[in-house]
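Okay, structure first, notes after.
Numbering (the UniProt record's numbering), first residue to last: 1 to 501.
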């Protein structure tokens, strides 16, 4: 009975969180249409809305900002990760739809549109880095004198054709020569990038080569996506004179995570057999049998007498902590019967380490209320900011009037800006009930005292943030009186405490 209640509670909080995220996305799109740069920056930097999300009309925020002529918003979006690659469908759409020549010139001249320094998909960056830098690669393909390094565990997890070849013709081979005239190096490279990242960018001149190789590999989903993009281009270009699209782009939707979904099984296989998901007991994609450990492992972690067989690349390329750990201690580790190095970890429990592994492999985590704070502490230790953010999102979904002040302190301790903002927003809705709360009063005093040699004009962080949210939550004129009452509660509290603010 208790478990069913907990599951119902978790589902409620999950639904509430999803609803808030959906509202943030709608607000983000609307702010780009109206040119509200302050709201756009707040939603992007604090609420962590994805800058390249698309709405039901397949339109991006950058497209709306261009269409409505908001130059400052266009520049801000470009500087913070919005994509507008030349000669792509989305890029040409922004150029064609731009309200002014000035915005059109900005789009054409902006050189950092692909990388965006402030907003990045770190998991996608990680997978690209694995492929491009050949980190821990264990197989090399040679195609017409061009070489491509790869990782067997990823190929086997992601594609049935590669999995079968690795178990048969390519078994025990470190170098594979592909001499078929039907396989072109550039097409192989692009399809390999898709295997690693779930994304594809290819010049229209080699699309047919990519389709041919994708068909050989049995990639029906990729073939469908390429054909869909070609159809969109075919329909769009004739209706927009002057547009030229040379690049075909395939990207998963915001809620589609094909790479993470496939690597989920690899992560599950790293766990001790008795701790794996019952639905995934030892069955590895495309292997057709049960496995005790995942294939091609090169490191074993021992935690509380449990052994986790893993792949070093997921640890060293996602965490500087583990990169340093391997560099400093690899000559001191013991070896198992298969000569796999064993590293003992003492600062983490087995259950928490399972979630760390799951995050490193899939960029997601199964958080429970009991483990959330433990995982947050370990994520901070292991230098995993993305995992910290996931913990913060879970904590935020379960805020209560009793917990919000402690959570606010936690958010500051671990530098979780979004969680801190969510706590303040929560408090702003109940100001009239908490101005005599001892925890709140202590926070106000601490923030006031945190400014050395405080002057009368200096602000108090918690008070300023509350005032911002109270004002920002105003949707209708009828709510003005309620907002003024809340502000008066804060002013009265400061007066009682003898603090100017």
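For glycine and all other residues, C-beta sits at the position ideal for the given N, C-alpha and C.
Quick caveat: nothing in here was measured; it's all calculated off a predicted structure.
- prompt: Given that a residue counts as buried once 16 or more other Cβ atoms are within 10 Å of its Cβ, and exposed if not, what is residue 115?
  reply: Because residue 115 carries a pLDDT of 38, less than 50, the predicted location of this residue cannot be relied on, and the following value inherits that uncertainty. Here residue 115 is exposed: its Cβ has fewer than 16 other Cβ atoms, across all protein chains shown, within 10 Å.
message: Suppose you measure from the CA of residue 502 to the CA of residue 83; what does that come to, to the nearest Å?
response: No answer is possible for residue 502: it lies beyond the span of the chain, which begins at 1 and ends at 501.
- prompt: When the distance is taken between beta carbons, is residue 158 closer than 8 Å to residue 207?
  reply: For residue 207 and residue 158, no; Cβs fall outside 8 Å.
- request: Taking residue 364 as the reference, give the member of 144, 355, 203 and 30 with the closest Cα.
  value: Distances from the CA of residue 364 to each of 144, 355, 203 and 30 were compared; the closest alpha carbon is that of 355.
message: If you reduce the DSSP assignment to three classes, tell me which class residue 306 lands in.
response: Note: residue 306 maps to strand in three-state DSSP.
task: Pick out whichever of 479, 361 and 33 has its Cα sitting closest to the Cα of residue 59.
output: Nearest option by C-alpha distance: 33.
task: Might you give, ordered along the chain, the residues of its own chain that have their beta carbon closer than 6 Å to the beta carbon of residue 353, omitting 5 neighbours on each side?
output: So the list reads 303, once near-sequence residues are dropped.
field: When 301, 107, 398 and 80 are compared against residue 372, the one with the closest alpha-carbon
entry: Nearest of 301, 107, 398 and 80 to residue 372, Cα basis: 398.
- prompt: According to DSSP, what are the bridge partners of residue 146?
  reply: Looking at the DSSP assignment, residue 146 forms a beta bridge with 143.
message: Whole angstroms are fine: how far does the CA of residue 316 sit from the CA of residue 297?
response: So the two alpha carbons sit approximately 14 Å from each other.
field: 6 Å CB neighbourhood of residue 35 in its chain, flanking five on each side removed
entry: Excluding positions up to five away in sequence, the list reads 70 and 73.
message: So within the region 317-376, which uninterrupted beta strand (DSSP E) runs reach at least 3 residues, ignoring any that extend past its ends?
response: Contiguous beta strand (DSSP E) elements confined to the region 317-376 occur at 341-344, taking only those with 3 or more residues.
query: Measuring CB to CB, does residue 48 end up less than 8 Å from residue 418?
result: It is a contact, given that the beta carbons lie within the stated cut-off.
- prompt: Is it true that the region 134-152 meets the region 219-236, where meeting means three or more beta-carbon pairs spaced less than 8 Å apart?
  reply: Too few Cβ pairs lie closer than 8 Å, so no.
message: Strictly by DSSP, which residues pair up with residue 203?
response: Looking at the DSSP assignment, residue 203 forms a beta bridge with 247.
task: Leaving aside the five residues before and after residue 527 along the sequence, list all residues of the same chain whose C-beta is less than 6 Å from its C-beta, in chain order.
output: Because the chain is modelled from 1 through 501, residue 527 falls outside the range shown and cannot be assessed.
- prompt: Taking the alpha-carbon positions, what's the residue 131 to residue 263 distance?
  reply: If I take the Cα positions, the gap works out to 15 Å.
Residue 257, DSSP secondary structure in three states: Coil at residue 257, not helix or strand.
task: Go through the UniProt repeat "ANK" (57-89) residue by residue and report every complete run of the alpha helix (DSSP H) that reaches 4 residues or more, in order.
output: Listed in chain order, the complete alpha helix (DSSP H) runs (minimum 4 residues) inside the UniProt repeat "ANK" (57-89) are 61-67 and 71-79.
field: Of the residues 141, 412, 497 and 242, the one placed nearest residue 438, counting alpha carbons only
entry: It is 497 whose Cα lies nearest to the Cα of residue 438.
- prompt: Does residue 100 come within less than 8 Å of chain D when only Cβ atoms are used?
  reply: Here there is only one protein chain, and chain D is not present.
message: In whole angstroms, give me the CA-to-CA distance for residue 98 and residue 45.
response: Going from the Cα of residue 98 to the Cα of residue 45 covers about 25 Å.
task: Note down, one range per segment and in chain order, each beta strand (DSSP E) of at least 3 residues found wholly within the region 157-186.
output: Fully enclosed beta strand (DSSP E) runs of no fewer than 3 residues occupy 175-178 of the region 157-186, in order along the chain.
query: Can you tell which of 20, 197, 339 and 474 has the C-alpha that lies nearest to the C-alpha of residue 121?
result: The residue with the shortest Cα to Cα distance from residue 121 is 197.
query: What residues in its chain sit with their C-beta under 6 Å from that of residue 68, if we drop five residues either side in the sequence?
result: Counting only Cβ-Cβ distances below 6 Å, and skipping sequence neighbours, we find 33.
message: Check for me: the alpha helix (DSSP H) holding residue 423 runs from which residue to which?
response: Under the DSSP assignment, residue 423 falls in the alpha helix (DSSP H) whose first and last residues are 417-428.
query: Mapping DSSP to helix, strand and coil, what is residue 47?
result: Here residue 47 sits in coil by DSSP.
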